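Engineer: Residue numbers (my numbering), protein chains in the order written: chain A, 1 to 263; chain B, 1 to 241. Okay, here's the structure, questions in a sec.
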């Protein structure tokens with residue numbers, strides 16, 4: 001136990017050294033503060049913050065995750081020359097990267113609300129939901145980054161793939177959904193669109209958060225279908241399940257690659 | 001005794017180890033020689049479990065390696081190039097490795113003292129010069145009284161004085177009964193150290209045996225020339241061996 005803990009501490013210190021995470025927390029806090037001042041709190045602020053979180057968290061998770069794996073490569077070599085099981089080192093590497101990221105996102109999100117005493121206000125539950133989803137996204141995108149970085153040894157290539165995935169899932173996704181819906185024209189689109197929803201954890205997180213809010217107009221195609229197919233509560237449970245799968249599958253893949261890799 | 005049988009390792013299409021079978025004797029210093037790309041570093045990494053061979057078996061001191069990490073508690077490894085976590089101090093690194101090795105015995109710092117490094121151990125590794133880091137790399141390899149030392153190009157980047165200190169330490173380790181495997185290009189370095197030679201070429205053990213046997217067979221009286229004979233075409237020794 002002490003071994004894993006010690007390794008974890010080492011990786012966490014490495015994660016914090018990049019100052020990336022502190023910058024991310026400050027940026028989120030500043031944006032939250034700005035939105036609070038201009039839109040005066042309430043649901044609109046949360047929806048705007050949701051957009052920011054859905055764009056920023058995956059970007060940082062994917063980029064910092066890939067960089068961390070490559071950065072840690074040499075230290076990994078040093079550590080694996082010691083009597084340490086690879087599985088343990090993997091757990092420490094992943095948690096040491098993902099948890100600080102999740103914490104910095106959550107702290108950055110909540111700080112301005114806490115400052116203004118809105119943490120337990122009318123939208124408190126929504127806000128905590130947003131923070132929880134952001135933390136899940138941090139864990140998911142870090143796991144995805146680990147798969148990419150462990151399979152692509154070339155730093156630039158790995159970073160390119162990571163950015164490509166971010167571009168598709170965070171920026172281009174709505175366009176792709178619309179295009180699919182148009183192409184399918186008169187045919188039923190429920191099943192294909194639900195499958196597409198399941199393929200993008202960012203979309204899942206967005207739908208999950210909006211299902212619970214009054215901003216149903218922002219649900220989009222996939223969200224509307226989930227609401228119709230599953231309804232509010234059951235839909236939310238299913239979506240949380242999907243997000244969990246989105247942590248477990250990349251984690252398993254990355255862990256398998258790590259255990260078989262040459263260092 | 002380290003015994004390997006039929007070790008095969010490919011990187012993509014390139015075959016780096018091609019059914020390598022070798023024996024490394026206990027309590028002796030074995031020089032791992034061979035041209036660039038012969039598979040020396042890969043062989044050492046396979047011994048450590050850092051690289052996973054596609055085929056073949058390794059037994060160290062009669063124990064067949066099966067992927068469990070415990071055997072590495074008896075190995076001190078000095079990699080060719082080392083990258084330490086920059087924020088750690090040398091001392092922290094040593095105590096961390098002590099924890100990871102699960103030993104309560106304090107790290108042996110006599111090599112650090114011989115290098116005159118005691119003060120540097122209190123500074124973050126990131127601010128140290130390349131040579132100093134290489135010395136700490138050596139200190140780490142020797143710190144936990146390993147039964148097997150694996151040194152990959154240990155003298156690269158060290159000044160002559162530090163080389164002397166390191167070589168004396170290697171000889172002292174042999175006197176203690178430690179098995180040492182050293183890869184090096186600087187053959188003159190190994191001349192005074194090596195008891196045995198394991199010569200790799202194209203991922204196979206092209207020749208292995210005692211240094212005295214090598215000089216006898218090639219008719220050359222120093223290691224450098226004997227190896228040059230091995231490297232230069234013809235390889236007359238193969239017919240003999």
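Even for Gly, the Cβ is constructed at its ideal location relative to N, Cα and C. The structure presented is a predicted model; accordingly, all values stated were derived computationally and were not measured.
Considering only residues of the segment 95 to 147 of chain B, which uninterrupted alpha helix (DSSP H) runs meet the minimum length of 4 residues and lie entirely inside it, listed in chain order?
Structural biologist: 110 to 115 and 130 to 142
Engineer: For residue 188 (chain B), which of helix, strand or coil comes out of DSSP?
Structural biologist: helix
Engineer: Leaving out five residues on either side along the sequence, give the residues of the same chain with a beta carbon under 7 Å from the beta carbon of residue 74 (chain B).
Structural biologist: 146, 147 and 148
Engineer: Identify the residues that DSSP records as bridge partners of residue 63 (chain B): which are they?
Structural biologist: B:60
Engineer: Could you spell out where the alpha helix (DSSP H) holding residue 173 (chain B) opens and where it closes?
Structural biologist: 160 to 175
Engineer: Hey, quick one: how far does the alpha helix (DSSP H) through residue 24 (chain B) stretch, first residue to last?
Structural biologist: Taken as a continuous stretch (DSSP letters only), residue 24 (chain B) belongs to no alpha helix (DSSP H), being part of the beta strand (DSSP E) at 14 to 24.
Engineer: Work out the CA separation of residue 21 (chain A) and residue 125 (chain B) for me, nearest whole Å.
Structural biologist: 23 Å
Engineer: If we ignore side chains and look at the alpha-carbon of each, how far apart do residue 269 (chain A) and residue 119 (chain A) end up?
Structural biologist: What the structure shows of chain A is the stretch from 1 to 263, and residue 269 (chain A) is not part of that stretch, so it cannot be assessed.
Engineer: Would you list, in chain order, the members of the segment 59 to 78 of chain B that have their beta-carbon closer than 8 Å to a beta-carbon of chain A?
Structural biologist: Cβ contacts with chain A: 68, 69, 70, 71, 72, 73, 75 and 77.
Engineer: Measuring only the C-alpha atoms, how far is residue 267 (chain A) from residue 226 (chain B)?
Structural biologist: Residue coverage of chain A in this structure runs from 1 to 263, which leaves residue 267 (chain A) outside it and unanswerable.
Engineer: In whole angstroms, give me the CA-to-CA distance for residue 64 (chain A) and residue 25 (chain A).
Structural biologist: 14 Å
Engineer: Starting from residue 33 (chain A), trace the alpha helix (DSSP H) both ways and give me its first and last residue.
Structural biologist: First-last of the alpha helix (DSSP H) with residue 33 (chain A): 20 to 39.
Engineer: Short of 8 Å in beta carbon distance, which residues of its chain neighbour residue 239 (chain B), apart from the five on each side in sequence? Order them along the chain.
Structural biologist: Summary for residue 239 (chain B): the model assigns pLDDT 39, below 50, so the residue's position carries little reliability; its value from the coordinates is reported in the next sentence. Correct list: empty, nothing qualifies.
Engineer: What does residue 99 (chain B) reach in chain A if we use C-beta pairs closer than 8 Å?
Structural biologist: 2, 3 and 6
Engineer: Identify whether residue 148 (chain A) lies in helix, strand or coil by the three-state DSSP scheme.
Structural biologist: helix
Engineer: Determine the chain D residues that contact residue 85 (chain B) at a beta-carbon separation under 7 Å, and present them in chain order.
Structural biologist: The chain inventory of the structure shown lacks chain D, comprising the protein chains A and B.
Engineer: Quick check: residue 138 (chain B) and residue 31 (chain B), are their CB atoms within less than 9 Å of each other?
Structural biologist: no
Engineer: For residue 256 (chain A), which residues in chain B fall below 7 Å Cβ to Cβ?
Structural biologist: Within chain B, no residue comes near residue 256 (chain A); the closest Cβ sits about 13 Å away, beyond 7 Å.
Engineer: With distances taken Cα to Cα, identify the nearest neighbour of residue 267 (chain B) among B:35, B:99, B:1 and B:28.
Structural biologist: The requested residue 267 (chain B) is not part of the displayed model; chain B covers only 1 to 241.
Engineer: Do residue 180 (chain B) and residue 174 (chain B) have their C-beta atoms within less than 9 Å of each other?
Structural biologist: Their beta carbons are under 9 Å apart, which means residue 180 (chain B) touches residue 174 (chain B) by this criterion.
Engineer: Go ahead and label residue 258 (chain A) buried or exposed: buried means 16 or more other beta carbons lie within 10 angstroms of its beta carbon, across all protein chains shown.
Structural biologist: Residue 258 (chain A) comes out buried.
Engineer: Can you name the residues that DSSP bridges to residue 210 (chain B)?
Structural biologist: By DSSP's assignment, residue 210 (chain B) forms a beta bridge with B:196.
Engineer: When the Cβ atoms of the segment 5 to 21 of chain B are set against those of the segment 44 to 62 of chain B, are three or more pairs found closer than 8 Å?
Structural biologist: Yes: at least three Cβ pairs fall under 8 Å.
Engineer: Chain A partners of residue 52 (chain B), CB-CB under 7 Å?
Structural biologist: 260 and 262
Engineer: Assign residue 106 (chain B) to one of two classes, buried (16 or more other C-beta atoms within 10 Å of its C-beta) or exposed (fewer than that).
Structural biologist: When all chains shown are included, residue 106 (chain B) counts as exposed.
Engineer: Using 8 Å as the cut-off, classify the Cβ of residue 37 (chain A) as near or not near the heavy atoms of the ligand SAH, replying yes or no.
Structural biologist: This structure lacks the ligand SAH, and indeed carries no ligand of any kind.
Engineer: Determine the burial state of residue 234 (chain B): buried for a count of at least 16 other Cβ atoms within 10 Å of its Cβ, exposed for fewer.
Structural biologist: For residue 234 (chain B), the predicted structure reports a pLDDT of 47, less than 50, and the residue's modelled location is therefore unreliable. The matter cannot be settled from this model.
Engineer: Am I right that residue 227 (chain A) and residue 100 (chain B) are in contact with their C-beta atoms under 8 Å? What's the rounded C-beta distance?
Structural biologist: With a Cβ gap of about 51 Å, residue 227 (chain A) and residue 100 (chain B) do not count as contacting.
Engineer: Only counting the same chain, and skipping five residues up and downstream in sequence, which positions put a Cβ closer than 6 Å to that of residue 90 (chain A)?
Structural biologist: 255 and 258
Engineer: Looking at residue 69 (chain B) and residue 86 (chain A), is the spacing between their C-beta atoms short of 9 Å?
Structural biologist: yes
Engineer: Under a three-way DSSP split, which group does residue 84 (chain B) fall into?
Structural biologist: coil
Engineer: Using the Cβ count rule (16 or more neighbours within 10 Å means buried), how would you classify residue 189 (chain A)?
Structural biologist: buried
Engineer: Considering only residues of the same chain and omitting the five flanking positions on each side of residue 45 (chain A), which have a CB-CB separation below 7 Å?
Structural biologist: 35, 36 and 39
Engineer: Kindly say whether residue 246 (chain A), judged by its beta-carbon, lies nearer than 9 Å to any beta-carbon of chain B.
Structural biologist: no
Engineer: Can you list the residues of chain B that residue 82 (chain A) reaches, using a CB-CB cut of under 7 Å?
Structural biologist: 72, 97, 100 and 101
Engineer: Determine the chain B residues that contact residue 330 (chain A) at a beta-carbon separation under 8 Å, and present them in chain order.
Structural biologist: No statement about residue 330 (chain A) is possible, as the shown extent of chain A runs from 1 to 263 and does not include it.
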